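In my numbering, the protein residues as written are 272 to 548.
Yeah, the Cβ is synthetic: ideal placement off N, Cα and C, and Gly gets one too.
Bear in mind the structure is a predicted one, so any value in this text is a computation, not a measurement.
Taking it in order: structure first as structure tokens, then the write-up.
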Ligand SMILES: [Fe+2]
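This is the structure we're talking about:
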């Protein structure tokens, strides 16, 4: 197994491993360490069935139950699919993952990781961008760190401030997820102990105790800072990529900049996380 850093701060490429095979304790430990140290793990050249993917990702943790079961694979419902071939009820195409966000932060215990496995890709475009929120936190002015130190954000399924619309939840799905949760805007990573900014423009409805006139510009300022190019890794997908990322310290976004007549289809799994603190 070989590893190669993709930027100074985020991302490592892993080659020479076949996740359909049993892995040694050393390999499992090295993969988990690389995940914690580099936040994005790109394992190349995997060709996994849904069942094989489910087994492989459990080297990193327990499976998290994703919220919108509309996207569950019928034969393997713990895996959801990401596809550009679905449409909103009004007939407009649904491009999943556009706009900066972190996954399922409206959960009491948001996932620690998301894993995508590329099944079918457009000829070009459709990159996923990642922004490192611990690097971004470290670079904040002290006054901003002090200002956000004790703030709590209100996370909901679909923020009324979000430019991006999500696919609606069924009544059964609504019944099993909270209406709203509070998470700190300054979050400490449970494995590294590093502080990071924890924001999510698609899910944050407001900041507890602040009116929108104060909260929304602050969230915009934090987002603009966190997504500066110096904190980013941009992933160009290759067939067979299995990409894991740390939802506790990254924002990500998909790009809809490709020919939508071509199918972009990936399997998605999430891993259980902890209460953000
Ligand atoms: Fe996402």
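DSSP beta-bridge partners of residue i
| i | result |
| --- | --- |
| residue 274 | 285 |
| residue 388 | 513 and 538 |
| residue 504 | 401 |
| residue 455 | 423 |
| residue 365 | 357 |
| residue 428 | The partner list for residue 428 (beta bridge, DSSP) is empty, contrary to what the question assumes. |
| residue 466 | 459 |
| residue 523 | 372 and 401 |
| residue 351 | 343 and 539 |
| residue 311 | 516 |
| residue 334 | 542 |
| residue 475 | 426 |
8 Å Cβ shell around residue i - same chain, five flanking residues per side excluded
| i | result |
| --- | --- |
| residue 358 | 364 and 365 |
| residue 368 | 353, 399, 523, 524 and 525 |
Same chain, Cβ closer than 6 Å to residue i, neighbours up to 5 away in sequence not counted
| i | result |
| --- | --- |
| residue 544 | 380, 381, 382 and 383 |
| residue 528 | 396 |
| residue 343 | 351 |
| residue 468 | 404, 407, 408, 493 and 497 |
| residue 334 | 349 |
| residue 328 | 386 and 540 |
| residue 511 | 316, 317 and 318 |
Integer-rounded CB distance, given that residue j should sit under 8 Å from residue i
| i | j | result |
| --- | --- | --- |
| residue 463 | residue 548 | In fact, because the Cβ distance is near 13 Å, the residues do not count as touching under 8 Å. |
| residue 371 | residue 515 | Not a contact, Cβ separation roughly 19 Å. |
| residue 319 | residue 537 | So it is not a contact: roughly 12 Å between Cβ atoms. |
| residue 534 | residue 391 | 5 Å |
| residue 275 | residue 509 | Rounded, the Cβ-Cβ distance is 14 Å, inconsistent with contact. |
| residue 302 | residue 330 | 6 Å |
| residue 290 | residue 317 | 5 Å |
Spatial neighbours of residue i in its chain, beta-carbon cut-off 7 Å, leaving aside the 5 residues before and after
| i | result |
| --- | --- |
| residue 479 | 423, 425 and 453 |
| residue 332 | 383, 384, 542 and 543 |
| residue 324 | 350, 388, 538 and 540 |
| residue 444 | 338, 339 and 340 |
Cutoff 8 Å: residue i Cβ touching any chain C Cβ
| i | result |
| --- | --- |
| residue 380 | No chain C appears in this structure, which consists of one protein chain only. |
> Quick one: any contact between the region 500 to 512 and the region 400 to 407, if contact means 3 or more CB pairs under 8 Å?
Replying inline: yes
> Can you find at least 3 beta carbon pairs, one from the region 469 to 483 and one from the region 416 to 436, that sit closer than 8 Å?
Replying inline: yes
> Is the region 442 to 457 in contact with the region 417 to 431, if contact means three or more CB pairs nearer than 8 Å?
Replying inline: yes
> Are the region 304 to 311 and the region 332 to 348 touching by the rule of at least three beta carbon pairs closer than 8 Å?
Replying inline: no
>> I want to know whether the region 292 to 302 touches the region 407 to 420 - three or more CB-CB distances under 8 Å.
In response: no
>> So if I measure from each beta-carbon to every heavy atom of ligand 1 and keep distances below 5 Å, which residues remain?
In response: 368 and 374
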